[in-house]
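A.B. asks: Would you mind keeping the following structure in view while I ask a few things?
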Amino acid sequence: MTEIRVGVIGCGGIASSTHAPNYLKVPGVTLVACADVDLSRAKAFAKRFNIPSYYQDYREMLDRESLDAVSVCTPNRFHKDPAVAAMKAGAHVLVEKPMAATLSDAVEMWRVSKETGRVLIVGFQSRFNPSVVTLRDIVSSGELGSVYYARALHLRRWGIPSSPTFIDVDLSGGGALADIGCYAVDTAMYVLGFPEPETAIGV
0 MTEIRVGVIG CGGIASSTHA PNYLKVPGVT LVACADVDLS RAKAFAKRFN IPSYYQDYRE
60 MLDRESLDAV SVCTPNRFHK DPAVAAMKAG AHVLVEKPMA ATLSDAVEMW RVSKETGRVL
120 IVGFQSRFNP SVVTLRDIVS SGELGSVYYA RALHLRRWGI PSSPTFIDVD LSGGGALADI
180 GCYAVDTAMY VLGFPEPETA IGV
């Protein structure tokens, strides 16, 4: 089996609770490096998940390590630069949702993905929930006819107010709508097969 060498950029909550533990469960995947602007956090993360190398600067990690894939788990505002750098270094990228804090950042990330031929995927795991998969199958089968309206809701209390990232508009790139509401928007669009919206209303 070919080894898939993975690096993690941003060693905070989502990297610790979700990305690293799940990478360790996948046969053939090896966590080989991590980076965080807080070196002590990177060191603790590396120790916890038995990762041989840790860095304060993700660019140094990308220069020194031969990585097949990278998880970008930084605050939303800081997704673009590490994602672009990782793709240019030859790695495929899984970036936490939302893809970016601004449209221009997202477009740049998409452009670099096309230029480099690297896969860029956003961590919208809701698409894989059994209920969402079932609903998408029903909609695509035509059983419901032509769907012209969707209402999507998402509620979460985890991390609020203990984690400032979720309630800091600057870091999250738009507060709750950008950071949590993107799940509702993506799930609705995914279930409907990504139609071209005519109107959207938020309250």
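Numbering-wise, the sequence shown is residues 0 to 202 according to numbering that gives the first Met the number 0. C-beta: ideal position from N, C-alpha, C; glycine also.
1. Cα separation between lysine 96 and threonine 186?
2. Count the other C-beta atoms from every protein chain shown that fall within 10 angstroms of the C-beta of tyrosine 57, then say buried if there are 16 or more, exposed otherwise.
3. From this set, Leu61, Ala14, Asp62, which residue's C-alpha is nearest alanine 43's C-alpha?
4. How many angstroms separate the CA atom of arginine 150 from the CA atom of leucine 143?
5. How many Å lie between glutamate 197 and tyrosine 147 at the Cα?
6. Can you tell me where the beta strand (DSSP E) holding tyrosine 54 begins and where it ends?
7. Less than 8 Å between the C-beta atoms of alanine 85 and valine 69, yes or no?
8. In three-state DSSP terms, what is valine 36?
9. Are alanine 82 and methionine 108 close, meaning C-beta to C-beta below 8 Å?
10. Isoleucine 200 bridges to which residues according to DSSP?
11. Relative to the C-alpha of histidine 78, which residue among Arg63, Tyr182, Ser103 is closest?
C.D. replies: According to the data block:
1. 12 Å
2. Buried is the call here.
3. Ala14
4. One alpha carbon belongs to arginine 150, the other to leucine 143, and they sit about 15 Å apart.
5. 10 Å
6. Note, tyrosine 54: beta strand (DSSP E), 52-54.
7. yes
8. coil
9. yes
10. Assignment of beta-bridge partners to isoleucine 200 by DSSP yields no partner.
11. Comparing Cα positions, the closest option is Ser103.
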